[in-house]
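Visitor: Its first residue numbered 177, the sequence shown is counted upward by one per residue in the numbering used here. All residues carry an ideal CB built from backbone N, CA and C; glycine is no exception. Pasting a structure here, questions to come.
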Amino acid sequence: MTGYLKNEGKLLLQGVTKRIDDFHLKDITLEIAPGEYFILLGPSGAGKTVLLETIAGIYSPDQGEIWLGGINITVQPPEKRRFGFVYQDYMLFPHLNVEQNIYFGLRKKRKPGSTLAGMVEHVVSFLKIGHLLNRFPHTLSGGEQQRVALARALAMEPPVLLMDEPLSSLDPQSRESLQQELSELHKITNIPTIHVTHNFEEAYFFADRVGVMDKGRILQTGKPQEIFPRPCSAEVASFVGAENVFYSDLIYKNGKKFVSLGKSILEVTTNLFGRVGYSIRPEHILLSLSPKPGNCLKGRIVSVNSRGLFSKLIVDVGVKINVLSFQEHNTGLTAGKEVYCFIPYWDINIFDNGGYLDEACL
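Okay, structure coming up:
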């Protein structure tokens, strides 16, 4: 796929604010490096799609600026930006066949027809949709329609690719196949990409960096392996699967710091003082039928929900906590059984009540 691998510079948002009816996109500052794959996570209504559409030029910011490669594009219309945009629901033209859909955005490009044909041929070949060119959208499967939508976006040779939950409507087999193709495609094209999803697996699979968004704000950005175990606030923790979130005054004992959990205390490492919030991922809690030294809490299993390779348990240790136990460790774990919950101190993520990540946890 020649014609790609050209570096048009970083995408930069500075203090971007946009109000639409009751929704408010608030002071978004974000930098996407050349060739970076950025995953944007957040609950429904967080503003992820509005942010993508503002980047694309569909909405104009009320305040702030958008830059690409050192050029201010804040007031540029969408057709001047040429950003590729792939929506969840494909948005193919039903009256056009696949080939016509792909060529649609190219009609205004002032390039020889042979050059345009070559660009389309490369994209069609890579996405394996050559046999679909004469078919109409209503005859295609979900996976085929999404490939066509992706081909249409890539044929424009966009400087930035924006994708709004591109895999969420697909069946598991189609999703896995297109996921692999998207990854390979990004390695070849090197196009800076912003990909909205609710799927943590996609974040781990694709992302160079992840951003978590809620209520019109980006709450935290970083690598997936940083954000998932080390969320900066209760809001981020609850969304990224760190389901056990509590608050406690720090307790000082024998030169160490502890937090309370029910009637027990857990040793932690932190530079903070006073009252803090903390989160524990369910998979970081280890169950045992006998006590262990360290952060070990006695509890009773309230419920067990088998999920195949693992089970989701609720254990009462004075308060109810969520535990993830993998299949080989599930023997004998039934509701009502007494167990011990071991929580390594290094797996307890501390943040203060303002939601700022404790530097000792980094």
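#1: Is the beta carbon of I526 closer than 8 Å to that of V421?
#2: Is it a yes or a no for the segment 213-224 touching the segment 385-402, going by three-plus beta-carbon pairs under 8 Å?
#3: Let's test the definition: count the other Cβ atoms within 10 Å of the Cβ of V515 and tell me whether it reaches 16, buried, or not, exposed.
#4: Can you name the residues that DSSP bridges to M339?
#5: Span of the beta strand (DSSP E) holding Q239?
#6: What does a CB cutoff of less than 6 Å around G240 pick up in its chain, not counting 5 residues either side in sequence?
#7: Does the beta-carbon of N277 have 16 or more other beta-carbons within 10 angstroms, so that it is buried, or is it exposed?
#8: In its own chain, which residues sit with a C-beta less than 7 Å from the C-beta of R258, not counting the 5 before and 5 after it?
#9: Please list, in chain order, all residues of the same chain as K202 whose beta carbon is under 7 Å from its beta carbon, the five residues on each side excluded.
#10: Determine the burial state of N310: buried for a count of at least 16 other Cβ atoms within 10 Å of its Cβ, exposed for fewer.
#11: For T510, tell me which candidate among R476, G494, S344, E378 has the shortest Cα-Cα distance.
#12: Roughly how many whole angstroms lie between the Cα atoms of P520 and R457?
#13: Please name the residue, chosen from E378, G453, A379, that lies closest to E411 on a Cα-to-Cα basis.
#14: For S344, list the residues DSSP reports as bridge partners.
#15: Taking DSSP as the reference, what is the three-state secondary structure of V388?
#16: Report the residue ranges of all alpha helix (DSSP H) runs contained in full by the segment 305-340; include only those spanning at least 4 residues, in chain order.
#17: Looking only at its chain, what residues have a beta carbon closer than 8 Å to the beta carbon of L282, apart from the 5 residues adjacent to it on each side?
#18: Please classify E377: is it buried, with 16 or more other beta-carbons within 10 angstroms of its beta-carbon, or exposed?
#19: Roughly how many angstroms separate the alpha carbons of Y266 and I196, rounded to a whole number?
#20: May I ask you to check if the CB of Y423 is nearer than 7 Å to at least one heavy atom of the ligand MG?
#21: How about I427 and V416: do their beta carbons lie closer than 8 Å?
#22: Would V493 be called buried (16 or more neighbouring beta carbons within 10 Å of its own) or exposed?
#23: What is the C-beta distance between L338 and L228, in whole angstroms, given that I count them as a contact (C-beta under 8 Å)?
Guide: Judging by the given coordinates:
#1: no
#2: Segments in contact, yes.
#3: buried
#4: V262, H371
#5: 239-244
#6: Q190, G191, V192, T193
#7: buried
#8: M332, P334, P335
#9: T193, G392, R393
#10: Exposed, because fewer than 16 other Cβ atoms sit within 10 Å of the Cβ of N310.
#11: R476
#12: 11 Å
#13: G453
#14: For S344, which the question treats as bridged, DSSP gives no partner whatsoever.
#15: strand
#16: Here the runs fully enclosed are 318-330.
#17: L292, M295, V296, A331, M332
#18: exposed
#19: 24 Å
#20: As for the ligand MG, it is missing from this structure, which has no ligand bound.
#21: no
#22: buried
#23: Contact holds; Cβ gap of about 5 Å.
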